[in-house]
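K.L.:
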Amino acid sequence: MKRFFDAELETFRSHLMIMGETAIRQVRDSLKALVDADVALADRVIAADDELDNLEMSIDDEAIRYMNLRAPVATELRLVIVGMKASHDLERVGDECTTIAKRAVRLAGSPPLKAYVDIPRMANIAVEMLRDAMDCFLHGDTDKALAIVRRDSEVDAINKQLYRELSSFMIENPATTTRALELMFISKSIERIADHACNIAEEMVFLAKAQDIRHREELKKG
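Residue numbers for the sequence shown follow the working numbering, so the first one is 2 and each next one is one higher.
#1: Within 10 angstroms of the Cβ of PHE186, are there 16 or more other Cβ atoms? Answer buried if so, exposed if not.
#2: For the alpha helix (DSSP H) that contains ASP61, what are its first and last residues?
#3: In whole angstroms, what separates the C-alpha of GLY141 from that of PHE207?
#4: Use the C-beta contact count for LEU56: other C-beta atoms within 10 angstroms, 16 or more gives buried, fewer gives exposed.
#5: Taking one C-beta from the segment 104-120 and one from the segment 50-67 each time, how about it: are there three or more such pairs within less than 8 Å?
#6: Report the rounded CA-to-CA distance for SER168 versus ALA181, giving the unit in angstroms.
#7: Would the beta-carbon of PHE170 fall within 8 Å of that of THR177?
#8: Closer than 6 Å by C-beta to ILE191: which residues in its own chain qualify, once you throw out the five before and the five after it? Chain order, please.
#9: Pull up the distance between the alpha-carbon of MET184 and that of MET18, whole angstroms please.
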């Protein structure tokens with residue numbers, strides 16, 4: 002019987018990893034759709050959001066079934082709770098990718114307001130954070146999890162810099178307002194994706210150490 006429950010947990014963990022890979026793909030594709038003005042790819046990103054929604058519901062169902070059958074405690078209970086929370090964060094990542102893709106469609110018919118440098122750089126950091134967070138889930142590396150949380154400030158700094166730059170464009174040339182606002186919202190979506198990666202990393206610390214670091218700023222700063 003124990004082997005059956007262990008297999009159930011491994012299936013649960015495997016499905017969460019699949020969801021993580023799907024979310025990462027969505028981030029990459031939504032940004033590629035923006036940079037390449039690829040409306041067809043943006044439409045595929047929007048359509049694929051259902052995949053993440055369905056994965057979240059499946060993971061929740063597995064978690065509830067496992068808790069009802071096994072009544073887990075300690076590490077097993079934390080694994081199930083953390084997995085459910087992580088799946089919710091990954092689903093929200095998918096929502097942000099859908100937002101980016103929709104804005105990419107609206108921007109596709111206009112010349113770029115500026116070279117796409119800062120936004121892809123933010124997205125690359127967010128993808129690295131997400132990938133590392135999922136790796137932490139597999140291997141329980143709390144040092145890496147804390148490093149992910151600390152990287153969030155990089156994304157925040159780029160976002161603030163981009164806001165200042167885009168605000169200047171709007172002041173100097175009001176005709177750029179629509180495009181500038183779209184880019185601001187895209188930048189904000191990427192910042193939120195990084196925040197979700199941080200949430201997952203913080204949950205990984207809770208899983209490994211039973212320690213809640215969400216409001217422990219001294220740990221986050223190193």
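Built from N, CA and C at the ideal position, the CB exists for glycine as well.
P.N.:
Let me lay it out:
#1: exposed
#2: 40-71
#3: 10 Å
#4: Result: buried.
#5: As far as the Cβ criterion goes, the segment 104-120 does not touch the segment 50-67, which means the pair count is below three.
#6: 8 Å
#7: Annotated as proximal: PHE170 and THR177, with beta-carbon spacing under 8 Å.
#8: Only MET123, ALA124, ALA127 meet the Cβ criterion.
#9: A small fix is needed here, since residue 184 is Leu in this sequence, not Met. Taking the straight line joining both Cα atoms gives about 30 Å.
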